[in-house]
Amino acid sequence: MKGFIFDLDGVIVDTARYHFLAWKKLAEELGVDFTVEDNERLKGVSRARSLEIILELGDIRATEAEKQVWMRQKNDDYLEYVSRMDQKEVLPGVLSTLRFLKENKGKIALGSASKNARLILEKTNILPLFDAVVDGNDVSKAKPDPEVFALAAQQIGVNAADCVVFEDSVAGIQAANAAGMASIGIGDAGILQEADMVYPDFIHIDAESLLKKIR
Ligand code: BG6
Ligand code: MG
């Protein structure tokens, strides 16, 4: 039995873009210069850590109360984008890959840092394809810690060595490697250098030959 663990943001849906736009708005209000390059560091990490990185960029010290207000503000803006999502936002090739893996008796899990993960799976109507969902509400240690993937593997009842993780972030690839799982990067091979394999997107993944490769 094989387990396939999918990250959500930037892998299944292009919400990395919405996270960026919402953080960018807050950064501007705080007078912080925040670029697309800076945003790479926010991918895969928790909401609280993302805010810390932005505050570090602007050399801003803040109280816990201020941080809570800003995180809420960012999340409200982010949820505005999410509220308009539907299945059309599932990235090309993802649905057919999920269905193929399921038909071939693979177990499918989500392993995401996001506390909004279930909402997004519901909005895009793909929740029924998942045998387990582990998200930011279930873990105490953020990627690159392997906790989220270890828990996902446990929930689908598959050994770590038989799991394959699909990730778009450096922190996520490191987490998959630390969990002892095969790591497949989705995105830029130059950025995701620590991944076992990198594909630009799911259109370029032939699930059948992938299954053979990892058997
Ligand atoms: C990850 C994203 O999936 O979830 C991060 O890559 C994000 O950018 C994190 O900060 C937490 O998401 P949320 O939805 O709980 O704020
Ligand atoms: Mg991601």
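Residue numbers -3 to 211, in this note's numbering, belong to the letters of the sequence shown in order.
We treat Cβ as the ideally placed atom computed from N, Cα and C, and that holds for glycine.
If you're wondering where the values come from, they're calculated on a predicted model, not measured in any experiment.
Can you give the Cα-Cα distance for residue i and residue j, rounded to whole angstroms?
i    : j     : result
K208 : L97   : 12 angstroms
T59  : K(-2) : 46 angstroms
L39  : K101  : Note on identity: in this sequence residue 39 is Lys, with Leu being the wrong assignment. Whole-angstrom Cα-Cα distance: 30 angstroms.
L4   : Y74   : 15 angstroms
S179 : A157  : 11 angstroms
I'd like to confirm the pairing. Which residues does DSSP put opposite residue i in its beta bridges?
i    : result
V154 : None; V154 has no bridge partner.
M193 : I180
E163 : G181
With distances taken between CB atoms, is the gap from residue i to residue j smaller than 8 angstroms?
i    : j    : result
I1   : A149 : yes
V135 : V144 : yes
K119 : V78  : yes
D164 : A12  : yes
D197 : G89  : yes
R43  : N71  : yes
D141 : A105 : no
R45  : A138 : yes
L117 : V129 : yes
Return yes when at least one heavy atom of ligand 2 lies under 7 angstroms from the C-beta of residue i, else no.
i    : result
V7   : yes
A12  : yes
S136 : no
D34  : no
S165 : yes
G168 : yes
D3   : yes
Mind checking whether the beta-carbon of residue i lies closer than 7 angstroms to any heavy atom of ligand 1?
i    : result
V41  : yes
N121 : no
K111 : yes
S179 : no
Within 8 angstroms of any Cβ in chain B, is that where the Cβ of residue i sits?
i   : result
A18 : No chain B appears in this structure, which consists of one protein chain only.
Margin query: Ignoring anything shorter than 4 residues, give me the alpha helix (DSSP H) runs that lie fully in the segment -2 to 40, in order along the chain.
Written below: 11 to 25, 32 to 35
Next item on the list: Would you mind listing the beta strand (DSSP E) stretches within the segment 75 to 156 that are 3+ residues and don't spill past its ends, in chain order?
Entry: 103 to 107, 128 to 130
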